[in-house]
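To start, the structure under review is shown below, and the notes come after it.
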Amino acid sequence: MSIFKSHISQMGAYKPPLEDRDNHQHLLLDFNERTLPVSPAIKKALIDFINDDQLQVYPAYGDITQKIADYCGVKPDQVMTTNGSDQGIDLIIRSASREGGEAIIPGPTFAMYHQCANIENLNIIEPAYSRENGFPKQAVINAITDKTRLIVLANPNNPCGTPIARDDILEIAKAAPGAAILVDECYFEYTRQTVCDVVQQYPNLLVTRTFSKTWGLPSVRLGYIISSKDNINALLNVRGPYDVNQLAVVAINAALTNPEYTQEYVKEVLGVSKPMLEEFLDTRNIEYWPSVANYVWVFFDSPSLVEQTLKKANILVRPKMDHHSRLGLRISLGNKQQTVHLIDTLTSII
Ligand SMILES: Cc1ncc(COP(=O)(O)O)c(C=O)c1O
Numbered sequence: 052m053s054i055f056k057s058h059i060s061q062m063g064a065y066k067p068p069l070e071d072r073d074n075h076q077h078l079l080l081d082f083n084e085r086t087l088p089v090s091p092a093i094k095k096a097l098i099d100f101i102n103d104d105q106l107q108v109y110p111a112y113g114d115i116t117q118k119i120a121d122y123c124g125v126k127p128d129q130v131m132t133t134n135g136s137d138q139g140i141d142l143i144i145r146s147a148s149r150e151g152g153e154a155i156i157p158g159p160t161f162a163m164y165h166q167c168a169n170i171e172n173l174n175i176i177e178p179a180y181s182r183e184n185g186f187p188k189q190a191v192i193n194a195i196t197d198k199t200r201l202i203v204l205a206n207p208n209n210p211c212g213t214p215i216a217r218d219d220i221l222e223i224a225k226a227a228p229g230a231a232i233l234v235d236e237c238y239f240e241y242t243r244q245t246v247c248d249v250v251q252q253y254p255n256l257l258v259t260r261t262f263s264k265t266w267g268l269p270s271v272r273l274g275y276i277i278s279s280k281d282n283i284n285a286l287l288n289v290r291g292p293y294d295v296n297q298l299a300v301v302a303i304n305a306a307l308t309n310p311e312y313t314q315e316y317v318k319e320v321l322g323v324s325k326p327m328l329e330e331f332l333d334t335r336n337i338e339y340w341p342s343v344a345n346y347v348w349v350f351f352d353s354p355s356l357v358e359q360t361l362k363k364a365n366i367l368v369r370p371k372m373d374h375h376s377r378l379g380l381r382i383s384l385g386n387k388q389q390t391v392h393l394i395d396t397l398t399s400i401i
């Protein structure tokens, strides 16, 4: 007999396929990361911190919350930092769950929501996204009951890149006042769509964001939650005092002082690389989901063959199944040069 809750022993781990990933060998188009190094200012800040012999001291966070609040245009008491947005997702789901509760998680989607909802033993209802109709708003609203504790609105969703209209988010928040509405804005810098300006008016709205994607800092793990002051105060009771590490704070302080490197990257990905890949797919009649993010979910005739052949050419992409058990490849976008290389390689395969 397990010493743990029986449903936890029976769960599977969330294990992203990290084996053999090497950014010096591979073009990494499999995790929606930034494909270029971060700015020299960030590297220098980290090296200076280490050389200043501060590693043996517990983290001191200074004004990082204020800086993030300024970046988001909200008040500092509406923000808390987390160990990646994964921790923000976990804290919200953990704090909002109750025995016998239900979670509405439109899918297919990012695995962490299911992982955390399963840890809390929530019953998961999964309305389906579709390529033609996008976000299943009506199905989400129809699924709301008095047991609903959580509704996940990934804006945009991963793996499909589908956005959710602001009015739809607010309509759902009003329709489920007793549920936590987790709006995951992990890819905000690509979409510029947010509801963080109305968190004080909607007490059940909780936004998660991250420095892992456009900012290029997934290795140091810094995310944040934006919500009403009361919600933030409650969630701060759940987070540990040192869950965020000091190197993350040093790196993000430098990143926020010098955000141009991020803006330039976003401009190239959305303005050059994305149209280039879409044109390639359109001219060959290869199906893909319309995306507002830095990744495109593509349905080749022989997806596994394409994936394996790309891998042999040192390009990694991510296989993801749709609701009809059809395998698609989620391809992250890099800069222009990397996209030309991807397209040349795909051309030789297809
Ligand atoms: C939709 C979505 N949310 C959250 C995350 C997790 O990001 P973080 O590195 O901040 O934990 C990811 C990472 O792929 C994601 O795609």
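Residue numbers for the sequence shown follow the working numbering, so the first one is 52 and each next one is one higher. Positions of the beta carbon are idealized from the N, C-alpha and C atoms, including for glycine. The structure presented is a predicted model; accordingly, all values stated were derived computationally and were not measured.
N-terminal and C-terminal residue of the alpha helix (DSSP H) that L233 is part of: The residue given as residue 233 occupies position 182 in the sequence shown. It is not in any alpha helix (DSSP H) - L233 instead sits in the beta strand (DSSP E) that spans A231 to D235.
Cβ-heavy atom distance, G267 to ligand 1, below 7 angstroms: In the sequence shown, the residue the question calls residue 267 occupies position 216. No - ligand 1 has no heavy atom lying nearer than 7 angstroms to the Cβ of G267.
Contact under 8 angstroms by Cβ, N288 with L78: Translated into positions along the sequence shown, residue 288 becomes position 237. Translated into positions along the sequence shown, residue 78 becomes position 27. Cβ atoms of N288 and L78: not closer than 8 angstroms.
Closest residue to D99 among T242, T265, A302 and S279 (Cα-Cα distance): Along the sequence shown, read from residue 1 onward, the residue named residue 99 stands at position 48. Ranking T242, T265, A302 and S279 by Cα distance to D99 puts A302 first.
Residue from E183, L367 and I223 whose Cα sits closest to the Cα of L393: Within the sequence shown, the letter at position 342 stands for residue 393. Here the closest residue by C-alpha is L367.
Burial state of V191, where buried means 16 or more other Cβ atoms lie within 10 Å: Walking along the sequence shown from the start, residue 191 turns up at place 140. With 16 or more Cβ atoms within 10 Å of its Cβ, V191 is classed as buried.
Candidates A120, I101 and H165, of which the one nearest A64 by Cα: Residue numbering aside, residue 64 sits at position 13 when the sequence shown is read from its first letter. Per the Cα distances, H165.
Given G185 as reference, the closest of N208, N169 and A168 once Cα atoms are compared: Start at 1 with the first residue of the sequence shown, and residue 185 comes out as number 134. For the residues N208, N169 and A168, the minimum Cα distance to G185 belongs to N208.
Ligand 1 heavy atom lying under 7 angstroms from the CB of C167: For the purposes of this step, residue 167 is taken as the residue at position 116 of the sequence shown. Result no, Cβ not under 7 angstroms from ligand 1.
Completely contained beta strand (DSSP E) runs for the region 337 to 395, where each covers 3 or more residues: 346 to 350, 369 to 372 and 378 to 383
Beta-carbon gap between A344 and G212 smaller than 8 angstroms: Your numbering for residue 344 matches position 293 in the sequence shown. Your numbering for residue 212 matches position 161 in the sequence shown. Going by C-beta atoms, A344 is nearer than 8 angstroms to G212.
Whole alpha helix (DSSP H) elements within the region 281 to 342, 4-residue minimum: 297 to 308, 311 to 319 and 325 to 334
Residue span of the beta strand (DSSP E) that contains E153, given as start and end: Residue numbering aside, residue 153 sits at position 102 when the sequence shown is read from its first letter. Element bounds for E153: E153 to I155.
For Y164, three-class secondary structure by DSSP: As a first step, residue 164 must be located in the sequence shown, where it is residue number 113. If DSSP states are grouped into helix, strand and coil, Y164 belongs with the helices.
Bridge partners - A179, DSSP secondary structure assignment: As a first step, residue 179 is located in the sequence shown; it is residue number 128 there, counting from the start. A179 pairs with G158.
Bridge-paired residues (DSSP) for R200: Within the sequence shown, numbered from 1, the residue matching residue 200 stands at position 149. DSSP output for R200 lists no bridge partner at all.
Segment contact flag, the region 296 to 315 with the region 253 to 261, C-beta cutoff 8 angstroms, min 3 pairs: no
CA-to-CA distance, L97 to D114, given in whole angstroms: Locating residue 114 in the sequence shown gives position 63, counting from the first residue. Locating residue 97 in the sequence shown gives position 46, counting from the first residue. Computed Cα separation, rounded: 17 angstroms.
Proximity test, F82 beta-carbon vs ligand 1 heavy atom, cut-off 7 angstroms: Within the sequence shown, residue 82 is the residue found at index 31, counting from 1. At least one heavy atom of ligand 1 is nearer than 7 angstroms to the Cβ of F82, so yes.
Cβ contact check for the region 83 to 95 and the region 243 to 254: 3 or more pairs under 8 angstroms: no
Contact test: M131 Cβ vs ligand 1 heavy atom, cutoff 7 angstroms: If you number the sequence shown from 1, residue 131 lands on position 80. No, since every heavy atom of ligand 1 falls outside the 7 angstroms radius drawn around the Cβ of M131.
Where the alpha helix (DSSP H) containing G274 begins and where it ends: Working through the sequence shown from its first residue, we reach residue 274 at position 223. Per DSSP, G274 belongs to no alpha helix (DSSP H); it is in the beta strand (DSSP E), G274 to I277.
Assigned exposure category for L106 - 16 Cβ within 10 Å defines buried: Your numbering for residue 106 matches position 55 in the sequence shown. L106 should be labelled exposed.
CA-to-CA distance, A147 to N255, given in whole angstroms: Numbered from 1 along the sequence shown, position 204 holds the residue referred to as residue 255. Numbered from 1 along the sequence shown, position 96 holds the residue referred to as residue 147. About 10 angstroms.
C-beta contact flag for T199 and I170 at 8 angstroms: Here residue 199 refers to the residue found at position 148 when the sequence shown is read from its first residue. Here residue 170 refers to the residue found at position 119 when the sequence shown is read from its first residue. Cβ atoms of T199 and I170: not closer than 8 angstroms.
Length at least 3, wholly inside the region 83 to 138: the beta strand (DSSP E) runs in chain order: If one requires a minimum length of 3 residues, the beta strand (DSSP E) runs lying completely within the region 83 to 138 are 130 to 133, in chain order.
Three-pair Cβ contact test at 8 angstroms for the region 52 to 68 versus the region 319 to 331: Look at the beta carbons and you see the region 52 to 68 not touching the region 319 to 331: under three pairs across the two are nearer than 8 angstroms.
Distance between E319 and N172 (C-alpha atoms, nearest Å): On the sequence shown, residue 172 is found 121 positions in, with the first residue counted as 1. On the sequence shown, residue 319 is found 268 positions in, with the first residue counted as 1. Between N172 and E319, the C-alpha separation is close to 42 angstroms.
Residue interval of the alpha helix (DSSP H) (run including T403): Residue 403 lies beyond the stretch modelled for the chain, which goes from 52 to 401, so this question has no answer here.
Contact test: D294 Cβ vs ligand 1 heavy atom, cutoff 7 angstroms: Taking the first residue of the sequence shown as position 1, residue 294 is located at position 243. D294 Cβ: outside cutoff for every heavy atom of ligand 1.
Residues of its chain near N309, where Cβ-Cβ distance is below 7 angstroms and the 5 sequence neighbours each way are ignored: For the purposes of this step, residue 309 is identified with residue 258 of the sequence shown, where counting begins at 1. Hits under 7 angstroms: S90 and A92.
Inter-residue Cα distance where the pair is N386 and T116: Residue mapping note: residue 386 aligns to position 335 of the sequence shown, counting from 1. Residue mapping note: residue 116 aligns to position 65 of the sequence shown, counting from 1. Cα-Cα distance, rounded: 31 angstroms.
Expected contact under 8 angstroms - CB spacing of V234 and N206 to nearest Å: By 1-based counting over the sequence shown, the position of residue 234 is 183. By 1-based counting over the sequence shown, the position of residue 206 is 155. Indeed, because the Cβ distance is near 6 angstroms, the residues count as touching under 8 angstroms.
Per DSSP, cross-strand counterpart(s) of T259: Within the sequence shown, numbered from 1, the residue matching residue 259 stands at position 208. DSSP lists D235 and I276 as partners of T259.
Own chain, CB closer than 6 angstroms to I143, minus 5 neighbours either side, in chain order: Along the sequence shown, read from residue 1 onward, the residue named residue 143 stands at position 92. Excluding residues within five positions, the ones whose Cβ falls inside 6 angstroms are A231, L233 and L257.
Distance between beta carbons of P210 and E84, contact taken as under 8 angstroms: Position 33 of the sequence shown holds residue 84. Position 159 of the sequence shown holds residue 210. Between P210 and E84 the Cβ distance is about 14 angstroms, and since that is not below 8 angstroms, they are no contact.
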